[in-house]
Structures are given as structure tokens and as C-alpha cells.
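Numbering (our numbering), first residue to last: 18 to 881.
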């Protein structure tokens with residue numbers, strides 16, 4: 018136990034939830050009623066014609082397929098109650114809604130400045146997806162005619178929201194061939210496969226619209242099976258998961274069918290209205306590696322004892338070298354899918370490296386290993402390419418969603434009569450990403466799965482944000498770059514990265530709202546070296562040049578944290594008349610266990626870097642935090658069933674120890690010329706999240722800093738009030754003090770609702786006078802995800818008497834849906850002054866907590 022261990026709040030007082038202020042209404046100018054009538058009538062006429070043409074094709078088909086079609090309705094701004102209106106019109110079926118950003122202004126819809134002059138800022142809106150048959154389409158058109166003739170027409174009960182939709186309608190069209198192929202990048206990847214792969218068949222995932230009726234889902238699958246068979250293909254697998262509104266089929270299509278689609282996408286298969294997307298398989302990779310080919314002998318770590326107890330960490334990744342000197346007897350590997358025969362030892366790079374980082378950290382630092390074994394489930398295989406070692410990807414003969422679902426379910430429920438394989442795991446490291454699916458506006462099925470599993474099993478997924486290995490266009494000559502100082506070059510490259518940020522977005526499933534997404538900083542412990550003709554983009558501990566950009570769904574803070582991912586060296590490369598910076602595959606980086614270069618050599622290391630490394634190191638830190646936390650709870654809360662709260666507490670702890678620090682100051686300084694005070698916070702958090710965790714802050718307190726943990730379960734409209742004691746030593750002193758509060762939870766999800774997050778929790782501090790100057794991230798953005806982290810500072814002298822405290826109130830409300838079961842949360846509150854100031858914050862807070870009366874423990878644990 019640390020000299021000054023973390024503290025535990027007494028049980029909170031029950032209360033009603035606090036009021037939650039809104040974020041303001043829609044801020045845009047829209048066309049007049051008459052102008053809207055003109056523009057939308059044209060769109061609806063085109064839609065009606067396209068709808069009727071497709072309906073005629075369907076009716077002429079010998080298969081008797083469902084004539085319903087999907088229409089896409091795009092609005093500028095939000096509309097409440099539209100789903101209710103859709104359900105009141107017979108023949109319409111609600112499929113979902115999504116928030117969209119970056120709607121381009123035009124002459125009809127635009128933002129205005131403070132003087133009401135139009136500007137070129139993009140707008141936010143909604144994308145609504147609805148299945149409709151011909152009769153419902155006619156009724157929708159009739160409702161439009163009523164609106165067009167008289168905006169103030171009296172609507173039937175439940176249909177009033179149609180007026181708001183028509184007011185704000187930006188575009189309306191059919192979901193068509195381009196939607197099914199282009200968003201997923203299928204056409205481009207198919208062209209590459211045809212060029213490089215000799216196979217006579219190409220596997221692809223067909224993602225179907227998730228229909229509310231099992232009978233309709235069966236009919237849709239049968240229809241697609243007929244169409245696949247008709248072109249000479251086969252169906253290999255199908256998967257339905259109602260909890261995440263997912264329905265997909267894995268199919269094999271002959272080369273000639275793919276060639277036909279590339280030549281003319283409007284084939285019967287691609288035009289099938291039951292299909293949402295075609296997605297190439299095998300795109301989910303265990304990191305786009307920047308692994309060096311150099312090998313070194315593994316350091317001697319034989320003096321450390323082997324792990325004992327049950328695992329608290331799982332790694333879902335590639336197959337590691339189990340008998341490596343550094344990993345032997347430290348892993349619990351389970352391979353029920355029998356993937357090991359597909360792996361030669363030389364190819365076991367990513368899984369070996371990730372397990373090495375989780376167990377040992379960067380080997381350069383000579384740190385102790387984890388004290389518990391790590392559970393490992395291989396989920397990737399090597400994919401043959403030009404030169405070994407081969408890249409590692411999820412198998413193309415299985416649906417990736419099904420693989421992950423089965424792997425996690427087996428851990429907590431068992432499979433085919435076998436007992437759960439790892440029920441004690443609270444942290445799952447997932448350092449993989451879908452290269453074909455950068456996060457744009459819809460939450461991917463992979464992220465939805467992670468969110469659902471996280472809430473269902475109470476487990477924290479630690480997810481890498483994804484590597485961006487593309488060139489950095491700096492638009493200067495080599496001579497101009499060479500003439501720049503290190504500071505000037507750093508500014509130039511950071512601005513170039515921000516200009517390219519739209520093309521360097523996080524990779525699925527990094528947008529998961531319940532997971533902890535980790536970006537990488539350009540830092541490691543490898544020390545100085547002579548890079549030769551190569552160079553480092555910058556020396557300040559900023560996010561790595563290969564790190565991805567957020568933000569998350571509904572503009573939430575994503576990634577949550579950054580952590581050292583290894584330094585990346587770059588080379589200059591000519592690209593026409595400009596220079597690009599290109600990442601290079603050599604030291605420095607993190608030293609990790611690696612396969613040997615000859616059979617039987619299990620004692621080699623190499624250097625690697627990337628967001629996978631950063632995620633693995635955060636996972637390792639959480640392993641130590643788990644030991645500290647369970648010991649603390651055993652000592653201070655032994656009468657409480659704490660298991661449901663461990664993962665939320667771990668999530669709150671790692672974010673709680675984070676701040677922007679030097680990196681935030683540097684980014685603000687570089688970006689300040691083009692951003693106001695609020696937008697600059699958004700720009701910084703897109704790359705930096707809440708900042709870099711300080712692991713020591715996760716594990717212990719200091720004389721000048723007290724960290725107190727709370728936890729509980731809240732139902733809808735409930736609140737819990739915690740009391741953070743105020744040290745009398747702060748009274749009447751004009752001393753800078755910092756108050757940090759972090760709240761984390763796992764929310765249920767509603768995949769078809771734009772809000773997506775079913776339960777919103779938040780904290781507020783009514784009457785806080787001690788420190789109320791908000792630092793770092795925007796106060797509204799921090800409430801959009803499932804972790805709220807805020808830092809407050811102040812220096813005003815206030816009167817404090819014995820027994821005074823700051824109230825921290827945690828509240829719960831429904832967001833996308835009614836909260837069906839209590840939501841477990843973890844809370845961390847820290848009060849501190851600068852080191853060296855002679856105020857014993859910790860001792861005073863600990864003494865005050867020790868004498869506070871306990872409340873009935875059921876207020877903390879309402880889960881009966």
C-alpha cells in the first residue's frame with residue numbers, strides 16, 4: 018500500500034437529479050416557405066420518378082421480392098418526434114437516424130455572423146433512413162402537398178413533426194447503388210484484389226438493413242442468397258445481432274461478377290434494396306506496423322517472479338510467441354478457432370509485441386512485470402503478401418463482428434457447455450482497426466458491438482485510435498525545409514497535419530462511446546541517436562505524426578487520452594513540385610519481444626511504434642491500477658459488492674490523471690491564429706483528448722493532493738450527492754488550487770436513435786467557490802460521451818471552517834431511451850495545491866472523511 022493511498026468517499030446522499038441546461042438551438046438561416054416549396058418539389062419529383070422506376074423493375078422480377086425501398090432524408094438542424102410520425106404512417110419503417118456535420122452552405126441554408134451576414138461555416142443536421150412501400154410513399158407526397166399549400170395546416174396527432182422536417186429539408190433521395198459501394202471503399206479494394214490476388218473468388222461482407230420483423234429479415238436473406246447464387250457465388254455465413262441492429266452475410270463472388278460490378282455497378286445484386294453496404298473482408302488489421310527489422314537479444318528478466326491469480330486483462334490480437342523468454346508462463350492463451358496452424362513463428366509480430374508491452378512495458382525502461390497472467394485470444398491470421406513477415410488481419414472467411422462477439426461471450430458465459438474462460442477480466446486490449454472504415458458520421462457495427470459488450474459484461478475496452486501512415490504534404494522545397502529551425506518546422510508540420518485531419522480520422526471501432534480510445538504521442542525512452550538523413554517532425558511531447566484525429570460521435574471527446582507510442586522518423590520524398598514527409602521503418606521506438614530470425618530463437622527483441630503501442634501501455638497501467646483499486650476497496654469498502662464498479666472506476670482513474678500540460682499549451686500557441694477560444698479547445702481535444710495520463714496520480718496521493726473515489730448505481734431521474742471536504746489550511750489564503758472531477762460509466766445503446774447513448778450521467782458542483790475557472794476541454798463537449806472530466810482552478814481567498822465541503826452531485830437521465838436498469842458509475846475527485854506549499858491537503862481530507870457518518874449502503878448500491 019502506498020504511503021498516501023487513494024481515499025474512498027462515504028456513501029452518497031440520495032437526491033433528485035440536477036437540471037441539465039441545453040446547448041442552444043439550431044443556428045442557421047433557412048429558405049422561405051415558398052422557396053422551400055420550389056426546391057423540395059423538384060427533389061420529390063426526382064425521388065418519385067426514381068422510386069417508380071425501381072418499383073417497376075421489382076414487379077417485373079420473377080422472384081416476388083419486397084418492393085419496399087429506402088429513402089434518405091437529410092435536414093439542416095434537428096427534428097424531434099420524426100420517428101413517431103414515421104411509425105404512424107402505414108408502410109413506413111424506421112431504420113435509424115444519425116447526426117451529420119459539415120453540411121455545406123448554399124443560397125438557401127447558411128449560417129450568419131453577429132451582424133447577420135452570411136458566412137461559409139458548415140452546418141450540422143440529421144440523416145434519417147426510412148423503408149417505404151409505394152402506398153406510404155404516396156401518403157408522404159400527399160402530406161408534402163398539404164404543407165406546401167399551407168404551412169399552418171392542422172396536422173393529425175403524431176404527424177406535426179412532418180412540418181419541421183419539411184421546413185428543414187435539405188435533401189431527399191433513394192438509397193442507391195453509390196451508397197452501397199462508395200462509403201465502404203469496396204470498388205477501390207476490389208480493383209486491388211483483382212490486380213494482385215490470383216483467387217477465382219473474392220469474399221465480401223454484405224451488410225443488410227436491420228428490419229424489425231424476423232420474417233422480413235429471413236425474406237431479405239433469402240432474396241440476397243438467390244441473387245448471389247445467380248451470379249455463381251456462395252453464402253458462407255450470416256449473423257444477426259438484435260442488440261446492435263446488425264444483420265450481415267459473408268459471401269464469395271466469382272471474379273467475373275466483381276468485374277461486372279466494376280464495369281456497371283447497377284447489377285441486380287447491387288440494386289437490391291435489402292442491402293445497406295458491400296464491405297470488403299480482411300480489412301481489420303492488427304496495426305499497420307512500423308516495426309523495425311533489426312533484432313536484439315532480450316534483456317534478462319529472470320529475477321522477477323511469475324504471475325499468480327486470475328487475469329484482469331485480456332488481449333484480443335495476433336498469436337504471440339508463447340515460449341518467448343519474456344512471455345513464457347506469463348500468458349494464458351486460448352485458441353478455440355485453431356488459428357495457430359496458420360502462423361509461422363516469424364509472423365507472430367503484433368501479438369508478441371502487444372503482449373510484451375502489456376506485461377513488461379517498454380523494455381528499455383527495465384520495469385517490473387504485471388503480477389497476474391494475461392489472457393490472450395488470437396483473432397487474426399497472417400495474410401500472404403509479397404515478402405514475409407506477413408501482415409496480420411482478421412480472417413476473411415468469418416464475419417469479424419461474429420468473431421469478436423463469440424470471443425468475448427466465451428470469456429464471460431462460456432461456449433457449447435464449457436465454463437467461462439476469463440470471467441475475472443475487467444480490461445480488454447483491442448489494438449486493431451478497420452482500415453476501410455475511418456469514422457465519419459455513423460457509428461460502425463464494430464463500435465456498436467464494443468459498446469454493447471462493455472455495458473453487458475462491465476468490461477473496459479482499451480482501443481487504439483489507428484495509425485495514419487500517409488505522407489504529410491508540407492508544400493515547401495527541400496531547401497526551404499532544411500533552412501527552417503526546429504521550432505519553425507514543428508509549426509509547419511502540425512499545421513499541415515491539421516489541414517489533412519479530415520483524411521486522418523480514427524479507425525473503427527475507435528468511435529466506441531463506452532471504450533477508452535488511446536492516441537499516441539511521439540515519445541519513447543530510446544534516447545538520442547543519429548538519424549542520418551532522416552528526421553523527427555518535432556521534439557515536443559505532442560501527438561505522434563501518425564496519430565489519428567477525432568472527435569467522436571455527436572462531437573464527444575475522442576480519443577480520451579494520449580500515451581507514448583514511440584518516436585517516428587521521417588524522410589523527405591519528392592511528390593511533383595512539392596516535398597512530402599514519409600514515415601520510415603527503423604529505430605527509435607519501444608523495445609518489445611519479437612520472433613527470432615531463425616527457428617527456436619525465442620529471446621529476441623525489436624523496436625515498434627504506433628497507437629497500438631500506446632493502447633497496450635495504457636492497458637498495462639490499468640493492470641497496476643486494478644491491483645491498487647482492489648486492495649483499496651478490500652480495506653475501505655469490504656462490505657460493498659464492488660465488482661460492477663471496478664471497470665467504471667478504472668476508466669475514471671485513467672482519465673482523471675490526464676491533462677493537456679505542455680502539449681496543450683504548444684498546440685494552442687500554434688493554432689491560435691485561426692481559432693477563437695472555444696474552437697481552439699475543440700481543435701486540441703480532437704488530437705489530444707483529455708491529455709496524457711500520469712500513472713503515479715492513478716495509484717497514490719501526495720501531501721499536497723488528495724484523490725477521493727466514489728461509486729454507485731443510478732436509475733433515471735436519480736442523483737447522488739458526495740461531499741468533498743475542504744481543508745481549513747486553504748481558508749483565507751490566496752493560493753492557486755486545482756479541483757479535478759471525473760465521472761465515468763457504461764451506457765446502454767440504441768442503434769437506431771440519433772442520440773445513440775441511452776443513459777446520460779453528469780456531475781455538477783452547486784455553490785463551488787473554491788475553484789471555478791474551467792481549464793482544457795470544452796464544458797459542453799465533455800458531457801457528450803460516457804466520461805466527463807473537468808479541471809477547475811482558482812486562487813481567491815475564501816473563508817473555510819471545520820466541516821466545510823464542496824458538494825459533487827452525480828445525476829442520471831434518459832437520453833436515447835428509457836433507462837431500464839441502474840447505471841453503474843465511478844467518480845474521482847482531486848483537490849491539490851502546488852508542491853512545496855505548506856498545506857497538508859491529504860491529511861486534512863483523510864481526517865474529515867474518516868469522521869463523516871456512513872449513509873445506508875443501499876444508497877450506493879441500488880441493484881436489488
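All C-beta atoms, glycine included, are put in the ideal place defined by N, C-alpha and C.
Counting the other CB atoms within 10 Å of its CB gives residue 171 a total below 16, which places it among the exposed residues.
For residue 856, the CB contacts under 8 Å within the same chain, skipping 5 residues up- and downstream, are 721, 744, 746, 747, 750, 752 and 850 in chain order. The segment 328-340 makes contact with the segment 630-645; the number of CB pairs closer than 8 Å reaches 3 or more. The Cβ atoms of residue 541 and residue 606 sit closer than 8 Å to each other.
One alpha carbon belongs to residue 735, the other to residue 219, and they sit about 53 Å apart. In chain order, 242, 245, 266 and 268 place their CB closer than 7 Å to the CB of residue 252, counting only its own chain and leaving out the 5 sequence neighbours on each side. Residue 375 has no beta-bridge partner at all, per DSSP. DSSP places residue 30 in the strand class (E or B) of the three-state scheme.
Here residue 450 is bridged, per DSSP, to 302.
Per the DSSP secondary-structure output, residue 780 pairs in a beta bridge with 827. Assignment of beta-bridge partners to residue 334 by DSSP yields 395. Following the DSSP letters along the chain, one finds residue 191 inside the beta strand (DSSP E) bounded by residues 186-191.
For residue 118, no alpha helix (DSSP H) run applies; the uninterrupted beta strand (DSSP E) run containing it begins and ends at 109-120, by DSSP. Unbroken alpha helix (DSSP H) stretches of 4 residues or longer found wholly inside the segment 55-112: 99-105, given in chain order.
Excluding its 5 nearest sequence neighbours in each direction, residue 188 has C-beta neighbours in its own chain below 7 Å: 60 and 91, listed in chain order.
DSSP places residue 136 in the coil class of the three-state scheme, outside both helix and strand. With respect to the 8 Å criterion, residue 206 and residue 649 are not classified as neighbours on the basis of their beta carbons. Inside the segment 539-585, DSSP marks no whole alpha helix (DSSP H) run of 4 or more residues.
If you draw a 10 Å sphere on the C-beta of residue 495, you find fewer than 16 other C-beta atoms in it, and that means exposed.
According to the DSSP assignment, residue 213 belongs to no beta strand (DSSP E) but to the alpha helix (DSSP H) extending over 203-213. Buried is the label assigned to residue 360, since at least 16 other Cβ atoms lie within 10 Å of its Cβ. Distance from the CA atom of residue 327 to the CA atom of residue 488, rounded to whole angstroms, is 44 Å. With respect to residue 148, residue 85 sits close: the two C-beta atoms are nearer than 8 Å. Contact between residue 156 and residue 88 is ruled out by a C-beta separation of about 13 Å, above the 8 Å threshold. Residue pairing of residue 149 in beta bridges, as defined by DSSP: 86 and 109. Nearest C-alpha to residue 806 among 820, 815 and 825: 825. Secondary structure at residue 746: helix, using DSSP grouped into helix, strand and coil. Beta bridge pairing from DSSP links residue 263 with 258. With fewer than 16 other CB atoms across the displayed protein chains lying within 10 angstroms of its CB, residue 321 is exposed.
Three or more Cβ pairs drawn from the segment 576-592 and the segment 694-714 lie within less than 8 Å of each other, which places the two stretches in contact.
With 16 or more other Cβ atoms inside 10 Å of its own Cβ, residue 222 counts as buried. When DSSP reads this structure, residue 296 sits in a beta bridge with 222.
Cβ-Cβ distances below 7 Å link residue 442 to 328, 329, 330, 331, 392, 428 and 476 in the same chain, with the five nearest sequence neighbours on each side left out; the list follows chain order. Under the three-state reduction of DSSP output, residue 455 falls in the strand class. In the DSSP annotation of this structure, the continuous segment of the beta strand (DSSP E) that includes residue 350 starts and ends at 348-350.
Its chain contains 261, 262 and 465 as the residues whose beta carbon lies nearer than 6 Å to that of residue 768, once the 5 sequence neighbours on both sides are disregarded; these appear in chain order.
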